[in-house]
Every structure is written in structure tokens, then in C-alpha cells.
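I have placed the structure first, in the form of C-alpha cells, so that the comments after it can refer back to it.
There are 2 protein chains.
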Amino acid sequence: MSASALFDRLLDDDRWSSSVIRDLLIHARRPDVISLAGGLPAQEVIPRERCMVAADRILTERGAVALQYGVSAGESELRELLVRSSEPEPDRIVVTAGSQQALDLVARLVGGSTGTGPLVAAIEDPGYLGAIQVLRSHRYELAGIPVDADGLVVDVLAERIAAGLRPRLCYVNPTFQNPTGATLSAERAHQLVELAEANDFWIVADDPYAELGLEGHPPPGLPRSANVIRLGSTSKVVAPGLRIGWIDADPRIADRVVLVKQTADLHTSTFNQLVVAEILGDEIWWERHLDALRARYLVRRTHLADALAQRLPGLAVTTQSGGFFLWGELANPVPDLVSNALQRGVAVVPGSAFAVESSSPNTMRLSYSAGAPEHFDEAVRRLAEAIAAG
Amino acid sequence: MSASALFDRLLDDDRWSSSVIRDLLIHARRPDVISLAGGLPAQEVIPRERCMVAADRILTERGAVALQYGVSAGESELRELLVRSSEPEPDRIVVTAGSQQALDLVARLVGGSTGTGPLVAAIEDPGYLGAIQVLRSHRYELAGIPVDADGLVVDVLAERIAAGLRPRLCYVNPTFQNPTGATLSAERAHQLVELAEANDFWIVADDPYAELGLEGHPPPGLPRSANVIRLGSTSKVVAPGLRIGWIDADPRIADRVVLVKQTADLHTSTFNQLVVAEILGDEIWWERHLDALRARYLVRRTHLADALAQRLPGLAVTTQSGGFFLWGELANPVPDLVSNALQRGVAVVPGSAFAVESSSPNTMRLSYSAGAPEHFDEAVRRLAEAIAAG
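Keeping their order, the protein sequence lines are chains A and B.
Per our numbering, residue 2 is the first one in the first sequence, and the count goes up by one each step.
Per our numbering, residue 2 is the first one in the second sequence, and the count goes up by one each step.
What follows is the structure, given as C-alpha cells:
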């Protein structure tokens with residue numbers, strides 16, 4: 002009796018809802034389904050052998066220290082490698098369990114700071130589902146700001162602020178955004194930083210696809226500003242299963258994040274940090290690996306984009322120059338499209354799964370990162386069939 | 002200007018204070034200092050070679066899947082190995098980044114549940130500092146309940162409840178508590194469970210030292226109850242640097258914890274989970290490892306307890322039958338004892354660092370887990386000198 006009252010109270014809390022994608026991915030694992038739904042890196046670009054060599058070397062050369070407790074900020078040799086600026090400032094870096102934890106720690110820190118009015122976060126709409134969930138779990142109200150081919154439409158955010166919106170932070174994927182694939186233009190990035198500085202909010206720039214420009218020209222990223230907190234991840238370029246991400250912020254903020262990290266899980270796996278440091282520090286290998294990885298994703302992206310153009314001319318596809326995703330939009334709604342597509346053996350994520358304020362009707366995210374490119378034609382054929390039948 | 006206002010707001014939040022131990026441990030790393038301060042496992046009991054074999058086997062046999070994204074609940078083969086009850090119920094288990102994260106996730110979940118009155122957690126006083134910090138960070142008010150040789154004094158908790166205290170949870174280290182080393186007696190454990198069931202609160206039983214009974218008789222632990230959420234860790238028996246812990250709770254609760262875990266960091270390192278599963282699943286090796294580890298800690302504990310009895314008869318020492326710690330109490334206060342001891346080259350943690358409501362005056366935690374036993378005599382000689390000089 003009493004236990005059931007306890008359970009009721011706990012299960013009453015509606016912040017913890019399962020993700021649409023999580024449920025969809027369970028179906029997408031059926032062997033007869035070709036999945037364009039997940040955001041996983043391709044199995045064959047995960048450097049298993051290089052990881053084996055690194056793990057062996059770390060345990061041989063460092064001994065048990067590599068398996069001992071470490072400091073909350075992270076291993077110094079990894080922090081030094083993760084600093085992107087020309088001047089080394091490892092005090093800016095806190096190593097985290099992927100960029101998901103980086104966001105969780107920052108959301109906790111900013112959410113607990115003093116401030117007037119409701120706790121509001123501006124976020125791209127459609128936006129990264131993991132960010133929507135973690136911000137809501139920390140009781141942020143979300144203001145969805147539209148995204149176009151140049152990324153977040155900063156003018157709309159400026160208008161909302163002029164009309165009274167007071168965001169405590171603005172979350173963006175500046176490069177090859179999840180789900181649309183859009184990249185924030187240099188002009189918009191400057192405009193966003195100016196807006197943040199003038200209106201006292203943090204820009205949380207989550208940039209896991211930063212290295213995945215497939216057409217040579219590096220993406221612009223965000224200009225330096227004390228208001229910018231960058232989040233990075235090795236999940237897309239080394240291995241997600243090692244769970245190594247980081248925060249790059251003003252040392253005063255990084256110092257505070259370290260204390261949040263300490264309460265959250267003490268520190269990230271010492272061993273995994275050293276394995277990743279060994280890999281990132283092997284500069285010649287690393288550059289070759291990135292080139293090989295980009296070449297493979299370029300093949301996949303081109304293959305999927307071509308198949309869509311040929312077989313599904315009715316789907317308006319935004320093809321980006323990097324990342325993991327294409328974004329498609331139909332002129333008219335197709336009822337039960339996602340479940341009909343699943344029945345026909347292809348999984349896509351409906352745009353509505355990423356919606357904040359908008360409903361993103363008739364849209365879908367099409368991922369080319371993990372699927373076998375030789376199956377893309379068949380996947381698109383099935384999707385076209387599901388659309389035609391709708 | 003605006004950035005500095007932003008920083009002020011963020012740095013204003015006093016929940017994020019550094020730990021006394023963290024600052025102390027920086028000094029304790031001086032080469033001239035013998036440390037009885039840290040709670041690390043001994044370097045030589047960390048199974049580096051077994052980890053190397055496991056890492057190699059996992060990456061060879063599983064391939065890149067071992068480095069891919071995994072599910073938030075954890076790898077099923079590890080979850081099956083972590084279930085302690087005779088009937089396998091892997092749905093009770095959620096794998097976490099150490100038991101520190103397990104506590105963080107549970108504190109978030111329970112703290113967000115509906116309930117009347119202030120958010121209160123009862124905790125042993127003196128209590129585990131990491132728990133004090135994480136509960137305070139989630140804005141729990143802490144009620145410190147005294148600890149004696151039989152663990153938490155449940156009668157005092159019952160009296161406080163009779164007088165109006167309404168804890169949402171009670172945090173305990175049931176076995177070889179950090180910092181006192183005390184173990185909750187079977188009688189007290191039953192009393193605590195009855196109290197929790199009658200008064201609708203959760204018992205969060207954090208049990209990282211459960212396997213570290215050094216004198217043969219296994220510690221009692223807690224009776225089964227839907228109100229009990231157990232937290233476990235492999236940090237003390239395998240390797241802290243792999244960051245593998247778990248939650249063992251009613252499947253309805255475990256299911257909810259999975260969703261919190263998903264927002265916190267998606268999942269714990271796939272690779273590290275498989276390495277630990279490979280080690281725990283090697284039953285003959287595992288039992289031998291635990292025996293060897295207990296034998297080493299028994300030598301250390303006996304050595305330190307003997308040195309204290311011989312050289313420091315004025316320090317009343319509680320010697321426990323397992324775990325990592327002895328607890329010492331002086332009859333009279335010694336001003337600046339910890340810094341004087343550090344100057345003489347020995348580090349101990351003052352009991353006050355673990356105080357909740359009490360001040361734990363004249364007490365100290367003496368750890369024998371990581372130090373070299375041949376240095377314990379000298380450490381105690383230095384400590385005696387610091388006390389005599391005080």
C-alpha cells in the first residue's frame with residue numbers, strides 16, 4: 002500500500018517521457034527494415050583496430066593508473082588536445098560523457114543561476130531531441146526559433162526578445178544541425194553572438210558534426226565570445242561507445258562545471274580518456290582517419306540524395322555539405338506515413354519528433370550515416386511506395 | 002560588462018562548492034606526504050592484466066559494435082551479471098557511471114516527484130561526502146542521523162519522524178560506511194525498512210564496500226522491500242577508472258531511471274560495460290581475485306590498526322571487519338591538527354568534513370586502502386607527533 006503511494010508520486014512526474022525515436026528505433030532493428038532513422042556513425046568507420054592498439058599501449062605503459070580514479074576536469078593530456086584555439090588554454094576544457102552530458106551539466110548550472118522571470122531556453126525548431134529532453138527535464142520553458150538553410154533564423158529570436166522573451170540560454174547545433182543538416186552562416190553566427198552579449202544570455206553551441214564537412218570548406222562555427230559555451234564530442238569521429246565529449250568555455254565557467262561534474266559522476270572514465278588522447282595525438286593517423294571517414298560519408302550522402310531525386314521528386318530534399326542528415330518535406334500530408342513506411346520495411350523519423358513550438362508537418366529526417374549505401378535505392382523505393390499509398 | 006553580469010549570476014549559486022577532501026588531496030599528493038586521506042583502491046589490486054585481456058577479447062570478438070552507441074539501461078549481459086537475487090531480474094538493473102551517478106539519477110528522480118512539505122533527505126551523520134554534495138545540489142535539506150557501531154541509529158530517525166520530519170529518502174551506506182566503517186546490523190536494517198514502509202520514504206542503500214568483508218562473515222545488507230533502491234559499484238573491486246556502477250530497484254523505478262539516464266548521458270560506455278561483464282563472468286578468476294583483494298586489505302587494515310594501538314593509545318579507534326576506513330576520535334580537541342599533520346608529512350581527513358548536522362569534533366577518517374603498509378608505522382609516528390605538538 003505505502004509502496005504504491007510512493008510509486009505513484011514518482012511516476013507522476015511527467016518530465017521523464019520516452020523518446021519517439023527510441024520507440025521507433027526498436028522497430029527499425031527488425032532485420033527486414035532498412036533504417037534511415039538512426040543517427041549512429043557507420044560501423045566500418047569506427048577505428049576498432051586503432052582503439053585496440055591504444056588500449057593495449059595505455060594499459061602496458063601507464064599500468065593501473067589508467068584504471069584508477071581521476072580528476073573531475075579530465076585527464077590533462079586529453080584536455081590539451083581538445084583545445085581548438087591557437088593559444089593552449091586547457092583550463093577551458095572539462096571532459097564529459099559525450100556532449101549529451103556536457104549539455105546536462107551546463108543546463109543544471111545555468112538553470113540554478115539567479116535570474117528574473119521564467120527559466121527559458123531558446124532552441125532551434127525543429128531541434129535536437131536530446132537537447133529538448135534534457136532542457137525540459139531541468140524545467141526550462143522552450144522557445145522554438147525557426148531554422149532555414151543558413152541555420153537558426155536569428156532575426157526571429159531578436160524579434161521575440163524585443164517582444165519580451167528573456168532566454169537564459171540559446172542552444173544551437175551550429176554545424177550540420179540535427180535534424181535539418183543546416184549550418185549557421187558566419188553572418189548569422191556574428192548576429193547571434195551580438196544578440197547574446199546585448200541581452201545577457203549564454204549560447205550553448207553543441208557541435209558534434211564540426212569535423213564532418215564533406216566538401217572541403219570548413220564550416221564557420223561561432224566567433225569567440227565569453228557568452229559562448231562550446232560542447233564537443235568524439236562520438237561521431239572516434240567511437241560513441243567510449244562516451245568522450247567536452248565543454249569548452251571561459252575558465253571561470255569551466256571551473257564551475259567541474260564541480261557539477263564532480264557531483265554528477267566524479268569524472269569520466271580515465272581509461273577511455275587516455276585511449277582517445279592516444280588516438281587524437283597520433284596526428285598523421287588522425288588526419289588520414291578523418292579523410293577516410295569524410296570520403297565514406299560523402300559516398301553515402303550522394304547516393305541517398307541521388308536516389309531521392311530520382312525516385313521521389315515529390316519530396317523536397319535539403320542536401321547539406323556535411324553531417325549525417327538530409328531533411329525532406331512533402332507538399333501535402335500523408336497520414337500514418339511513418340508506420341506505413343515501417344510496414345514496407347523502411348524507417349525514417351518524422352519531423353514532428355523534433356518539433357518545439359512548430360508542428361513541422363510533412364517533414365522527415367533521412368539519415369545516411371549508418372545504412373549500407375547499396376540499400377539506399379531499395380529504401381527510397383519503399384518510402385516512395387508508402388507515400389504513394391498514403 | 003554584460004558577460005560579467007552573466008558570470009556573476011552563475012557564480013552566485015552556492016550549491017557548487019568544492020570539497021574539503023578535494024583540496025586536501027592536492028596537498029596529500031606531495032611526495033613527502035604519506036596519505037591516509039584518500040579512498041582509492043590499492044593500485045596493485047586493480048586487475049590491469051585481466052582488463053587488457055578482456056579489452057582485447059571484446060574488441061576482437063565483438064568488433065565495432067563494442068564501440069557503438071548502446072541502450073540507456075545498459076548492456077544486457079552485464080545487467081544479468083549484476084542481479085544479486087536468486088531469481089534473475091535484469092529489469093531491476095540500470096548501469097551507471099559509478100554509484101555516484103546512480104545516486105545523482107535517483108536524487109533527481111525522487112527530488113522531482115510530487116510530495117508535500119520541504120524536500121528532505123535523511124543521511125548518516127557523519128556521512129559520505131559525495132552523497133551530501135549531490136543531495137544538496139538537488140536542493141534537498143539534509144537531516145543528519147547519528148551512526149554508531151551498528152550503523153545508522155534508526156531509533157533517532159524514528160524519533161525525528163515522530164516529531165514531524167518527513168524524509169523523501171534516507172541515504173545509507175549499509176556496509177563498512179564511509180567514513181566510519183560501521184555496518185548496519187541486521188536488526189537495524191529490518192527496523193529501517195519497516196520505518197520506510199510505514200512512512201513512505203525510499204531507502205537509497207549505496208553499497209560499494211559490500212564485497213569487502215575481510216573476516217569471512219558476509220555483511221547482512223538490507224532485506225528486500227519495494228522501498229529499497231540499491232546502488233552498487235565495481236570501483237572498489239574492479240577498477241574505478243572504468244566508471245561502472247548500477248541501480249538495483251523495482252522494475253517500475255528502474256524503468257524511470259532509464260529515462261533520466263537517457264537525458265543525463267545517453268548511456269554508459271558500451272566498451273567498459275563489456276569489459277566488466279567479461280571479468281565478472283569469469284567466475285573462477287573472479288572469486289580468486291576477490292579473495293586476493295580481501296587478503297591484501299586485511300594485511301593493511303591490521304597493520305594500520307596495530308600501529309595506531311601501539312603509538313597512539315590516546316586515539317580511540319573503531320576497527321571494522323571490512324571496507325577501507327578506520328575511524329579515530331581524540332578525547333580533546335587539537336587545534337589545526339590536519340594542517341600540522343600535513344606539515345609533518347601525513348594526511349588524514351578531519352571528521353568535520355563528513356558532518357551534516359553534528360560537528361564530529363576531534364574525529365578523523367584513516368584510510369588503509371591505498372597506502373603502502375610498510376609506511377603505516379611512520380605515518381602514525383608523524384600523526385602522534387602532530388597531536389602531541391597541538
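Ideal Cβ positions, reconstructed from N, Cα and C, are used throughout, including at glycine.
### Query
So, using beta-carbon positions, are B/ALA103 and B/ILE248 closer together than 7 Å?
Taking C-beta atoms as the reference points, B/ALA103 and B/ILE248 count as a pair closer than 7 Å.
### Query
Secondary structure at B/LEU267, three-state DSSP: helix, strand or coil?
B/LEU267 falls in the coil class under three-state DSSP.
### Task
Please report the residue range of the alpha helix (DSSP H) in which A/GLY131 lies.
Residues 130-138.
### Query
Would you call A/VAL300 buried or exposed, if buried means 16 or more other Cβ atoms sit within 10 Å of its Cβ?
With fewer than 16 other Cβ atoms within 10 Å, it is exposed.
### Task
Check each residue of the stretch 79-100 of chain A: if its Cβ is closer than 7 Å to any Cβ of chain B, include it; give the result in chain order.
Answer in chain order: ALA98 and GLY99.
### Query
Alpha carbon to alpha carbon, what distance is there between A/VAL350 and A/GLY233?
Pairing A/GLY233 with A/VAL350, the inter-Cα distance amounts to about 24 Å.
### Task
Identify the contact partners of A/ALA56 in chain B, using a Cβ-Cβ distance below 8 Å as the criterion.
Simply MET53, ALA56, ASP57 and LEU60.
### Query
What are the boundary residues of the alpha helix (DSSP H) that includes A/ILE285?
Going by DSSP, A/ILE285 is part of the alpha helix (DSSP H) stretching over 284-312.
### Task
With a 10 Å radius around its C-beta and 16 neighbouring C-beta atoms as the bar for buried, classify A/SER340 as buried or exposed.
Counting of Cβ neighbours within 10 angstroms places A/SER340 among the exposed residues, the total staying below 16.
### Task
Report the option in A/ALA371, A/VAL347 and A/ALA373 whose CA atom is closest to the CA atom of A/ARG31.
Measuring from the Cα of A/ARG31, the nearest candidate turns out to be A/VAL347.
### Task
Could you tell me whether the Cβ atoms of A/LEU60 and B/ARG49 are closer together than 7 Å?
The Cβ atoms of A/LEU60 and B/ARG49 sit closer than 7 Å to each other.
### Query
Can you tell me whether B/ASP105 is buried or exposed, with buried defined as 16 or more other CB within 10 angstroms of its CB?
Result: buried.
### Task
Output, in chain order, the set of chain A residues within a Cβ distance shorter than 9 Å of B/SER368.
None at all; the shortest Cβ gap to chain A is about 13 Å.
### Query
When the distance is taken between beta carbons, is A/TRP287 closer than 7 Å to A/LEU294?
No. Outside cutoff.
### Task
Run down chain B in chain order and give the residues with a C-beta less than 9 Å from the C-beta of A/ASP207.
None at all; the shortest Cβ gap to chain B is about 13 Å.
### Query
Count the other CB atoms within 10 Å of the CB of A/PRO224; is the residue buried (16 or more) or exposed (fewer)?
An exposed status is given to A/PRO224, since fewer than 16 other beta-carbon atoms sit within 10 Å of its beta-carbon.
### Message
Looking only at its chain, what residues have a beta carbon closer than 6 Å to the beta carbon of B/PRO1, apart from the 5 residues adjacent to it on each side?
### Response
Outside the displayed span of chain B (2 to 391) sits residue 1 of chain B, for which this structure offers no information.
### Bridge-paired residues (DSSP) for B/VAL96
Answer by DSSP bridge pairing, in chain order: B/TRP247.
### Nearest to A/LEU185 (by Cα), restricted to the options A/PRO42, A/GLY152 and A/LEU193
For the residues A/PRO42, A/GLY152 and A/LEU193, the minimum Cα distance to A/LEU185 belongs to A/GLY152.
### Message
Could you check whether B/GLN321 and B/GLY217 sit closer than 7 Å to each other, using their CB atoms as the reference points?
### Response
It is not a contact, given that the beta carbons lie outside the stated cut-off.
#### Entry: Integer Cβ distance of B/VAL95 from B/GLY75, believed to fall under 8 Å
Cβ atoms of B/VAL95 and B/GLY75 come within 8 Å of each other, at about 6 Å.
#### Entry: Where B/SER73 falls, given that 16 or more other Cβ within 10 Å makes a residue buried
Flag for B/SER73 reads buried.
### Query
Would you say B/LEU291 reaches chain A, if we count a Cβ-Cβ gap shorter than 7 Å as a contact?
The Cβ of B/LEU291 sits no closer than 7 Å to any Cβ of chain A.
### Query
Are the C-beta atoms of A/ASP105 and some chain B residue less than 7 Å apart?
A/ASP105 has a beta carbon lying within less than 7 Å of a beta carbon in chain B.
### Message
For the stretch 63-72 of chain B against the stretch 236-243 of chain A, do three or more pairs of beta-carbon atoms, one drawn from each stretch, fall closer than 8 Å, so that the two count as touching?
### Response
Because the criterion of three Cβ pairs below 8 Å is met, the stretch 63-72 of chain B and the stretch 236-243 of chain A touch.
### Message
For a test of the three-state rule: what should DSSP assign to B/HIS376, helix, strand or coil?
### Response
Helix.
### Close Cβ partners of A/LEU305 (< 7 Å) along its chain, the five nearest in sequence each way excluded
Only LEU327, LEU367, TYR369 and PHE377 meet the Cβ criterion.
### Query
What are the partner residues of B/ASP9, as DSSP defines its beta bridges?
According to DSSP, which records beta bridges pairwise, B/ASP9 is partnered with nothing at all.
### Task
Could you pull out every residue in the same chain whose Cβ sits closer than 6 Å to the Cβ of A/VAL148, ignoring the five residues on either side in sequence?
The beta carbon of A/VAL148 sits closer than 6 Å to those of GLU125, THR181 and ALA183, all from its chain and outside the five residues before and after it, given in chain order.
### Message
With distance defined between alpha-carbon atoms, name the residue in B/LYS237, B/PHE177 and B/GLU198 nearest to B/PRO220.
### Response
The option with the nearest alpha carbon to B/PRO220 is B/PHE177.
### Message
For the stretch 380-389 of chain A against the stretch 323-338 of chain A, do three or more pairs of beta-carbon atoms, one drawn from each stretch, fall closer than 8 Å, so that the two count as touching?
### Response
With the cut-off at 8 Å, the stretch 380-389 of chain A and the stretch 323-338 of chain A touch.
### Query
DSSP state of B/GLY323, grouped into three classes?
B/GLY323: strand per DSSP, three-state reduction.
### Query
So, is A/GLU375 buried or exposed, given that buried needs 16 or more other C-beta atoms within 10 angstroms?
Result: exposed.
### Task
Tell me, please, whether the CB atom of B/PHE272 is closer than 7 Å to any CB atom in chain A?
Against chain A, the CB of B/PHE272 has a partner CB under 7 Å away; the residue lies at that interface.
### Query
Does any residue of chain B bring its CB to less than 7 Å from the CB of A/TYR70?
Yes, because at least one Cβ of chain B sits closer than 7 Å to the Cβ of A/TYR70.
#### Entry: DSSP three-state assignment for A/SER234, whether helix, strand or coil
A/SER234: strand per DSSP, three-state reduction.
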